[in-house]
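Asker: Residue numbers (my numbering): 24 to 374. I have a structure here, written as structure tokens, and I will follow up with some questions on it.
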Ligand code: AMP
Ligand code: MG
């Protein structure tokens, strides 16, 4: 009996040790395998915030996903989107404006530009990627970036003249070539951040170690995969009348893109009147649609970004129709603080 007790005690002790070692090893394994990266950088003239949930293999010691993403965004700006840098595709396209042979486009930019032109058409020109000369005339971006000290309201005849050099319908894409008439310039400022989200998504899909991520490129946010604890992503919506606070948040499972356009992002105030950075191509003046911000929720960042700008210009009524045509959800906040949501947005939006 005594001996049995001693033996059984030994077994109990051995069993306990075994259970503890499994818990310990699993714990160690978890610690060395799961990793969260949080990073804030600036690229493409905006802030990039990344939270990435990784599951590393035993041999992987350092992960470069966050650095790779920043490089991807910098390359996108330098090689494709910038209208300033002579290394970019858009710069080349603008240089070749008027040339009969047009400019050859590489994938995926050819397809992306076709989508943008389609939204320009569907929005009846509320989104117009040839508006750059008018944007530059107002130069609100440069003033807000501190590149310019004095702000001067442009004269109406200057605005009319700049408007003559606009018109998305004058652009055509055929056989992977883009044709711009002389004097028309492409400016992808309204869609670049959402387009970056799409490129980041394609990169993340190839990374075995990435289990989930939430990445914001300026006003466009990508949610990817899942969090290790299985809880949903929460994306805050800025209160346009009190920008230090959110009016609520979206609860999202899996992969989504959220783009917001707002009159609080970049603006100048003159004699109590706010002049913001989103131009109505019909007038050449900052859009006066009584909207303070528009948030679009959808599966494709290029589309959500293009639509957030277009819906801001169109205002609540026509903006809602446009959002419905593209099968995305929308949340408008007007100048009085009133919120108007698509029916589907109610499933995601909470306070
Ligand atoms: P977002 O913040 O995405 O709405 O984009 C605004 C930026 O797009 C501005 O800073 C301008 O560079 C450019 N932009 C302004 N108005 C328009 C417009 N109606 N269509 C296309 N681009 C625009
Ligand atoms: Mg946009």
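Note that the Cβ used here is the ideal one computed from N, Cα and C, for glycine as well.
1) Tell me whether residue 219 counts as near the ligand MG, meaning its Cβ is closer than 8 Å to at least one heavy atom of that ligand.
2) Shorter than 8 Å, the distance from the beta carbon of residue 318 to the closest heavy atom of the ligand MG, or not?
3) Between the Cα of residue 290 and those of 111, 104, 176, 137, spot the shortest distance and give me the residue it belongs to.
4) According to DSSP, is residue 236 part of a helix, a strand, or is it coil?
5) With DSSP as the reference, please indicate the residues paired to residue 78 in a beta bridge.
6) The alpha helix (DSSP H) spanning residue 330 covers which residue range?
7) Taking the CB atoms as reference points, tell me whether residue 132 and residue 103 lie closer together than 9 Å.
8) Should residue 221 go down as buried or exposed, given a rule of 16 or more other Cβ atoms within 10 Å for buried?
9) At which residue ranges does the region 58-131 contain complete beta strand (DSSP E) runs of 3 or more residues, listed in the order of the chain?
10) Looking at C-beta atoms only, is the number of pairs between the region 67-75 and the region 226-243 that lie closer than 8 Å three or more?
11) Specify the secondary structure class of residue 370 as computed by DSSP and reduced to three states.
12) First and last residue of the beta strand (DSSP E) that includes residue 297?
13) For the alpha helix (DSSP H) that contains residue 269, what are its first and last residues?
14) May I ask you to check if the CB of residue 153 is nearer than 8 Å to at least one heavy atom of the ligand MG?
15) One question on the structure: do residue 226 and residue 328 come within less than 9 Å of each other, judged by their Cβ atoms?
16) For residue 191, which of helix, strand or coil comes out of DSSP?
17) Using a threshold of 8 Å, is the CB atom of residue 88 nearer than that to any non-hydrogen atom of the ligand AMP?
18) Does any heavy atom of the ligand AMP sit closer than 8 Å to the C-beta of residue 251?
19) Any heavy atom of the ligand FMN closer than 8 Å to the Cβ of residue 120?
20) Looking at residue 69 and the ligand MG, is the gap between the Cβ and the nearest heavy atom below 8 Å?
21) Classify residue 346 as helix, strand or coil using the three-state DSSP reduction.
22) Evaluate residue 317 with the Cβ neighbour count: other Cβ atoms within 10 Å of its Cβ, from every protein chain shown; 16 or more gives buried, anything less gives exposed.
23) If I'm right that residue 324 touches residue 217 with Cβ under 8 Å, what's the distance once you round it to whole angstroms?
24) With 16 as the cutoff for other CB atoms within 10 Å, does residue 372 come out buried or exposed?
25) Where does residue 284 fall in DSSP's three states?
26) According to DSSP, simplified to helix, strand and coil, what is residue 356?
27) Using a Cβ-Cβ cut-off of 6 Å (strictly less than) and excluding sequence neighbours within five positions of residue 374, which residues of its own chain qualify?
28) Anyone know if the C-beta pair for residue 162 and residue 171 falls short of 9 Å?
29) Could you have a look at residue 166 and say whether DSSP puts it in helix, strand or coil?
30) Which one or two residues does DSSP pair with residue 201 in a beta bridge?
31) Terminal residues of the continuous beta strand (DSSP E) containing residue 308?
32) Would you check if the distance between the CB atom of residue 127 and the CB atom of residue 153 is smaller than 9 Å?
33) Is any heavy atom of the ligand MG found at a distance shorter than 8 Å from the C-beta of residue 332?
Answerer: The relevant details are as follows:
1) no
2) no
3) Comparing Cα positions, the closest option is 176.
4) strand
5) 57
6) 324-337
7) Residue 103 is positioned such that its CB atom lies closer than 9 Å to that of residue 132.
8) buried
9) 69-78
10) yes
11) helix
12) Element bounds for residue 297: 296-299.
13) Note, residue 269: premise wrong, no alpha helix (DSSP H); beta strand (DSSP E) at 269-275.
14) The closest heavy atom of the ligand MG lies 8 Å or more from the beta carbon of residue 153.
15) no
16) helix
17) no
18) no
19) By its list of ligands, the structure shown excludes the ligand FMN, since it contains just the ligand AMP and the ligand MG.
20) no
21) helix
22) Buried, because 16 or more other Cβ atoms sit within 10 Å of the Cβ of residue 317.
23) 4 Å
24) buried
25) Residue state for residue 284 is assigned as strand, using DSSP reduced to three classes.
26) strand
27) 271
28) yes
29) Per DSSP, reduced to three states, the secondary structure at residue 166 is helical.
30) 126, 196
31) From DSSP, residue 308 is part of no beta strand (DSSP E); its letter is neither H nor E.
32) no
33) Yes, Cβ of residue 332 sits closer than 8 Å to a heavy atom of the ligand MG.
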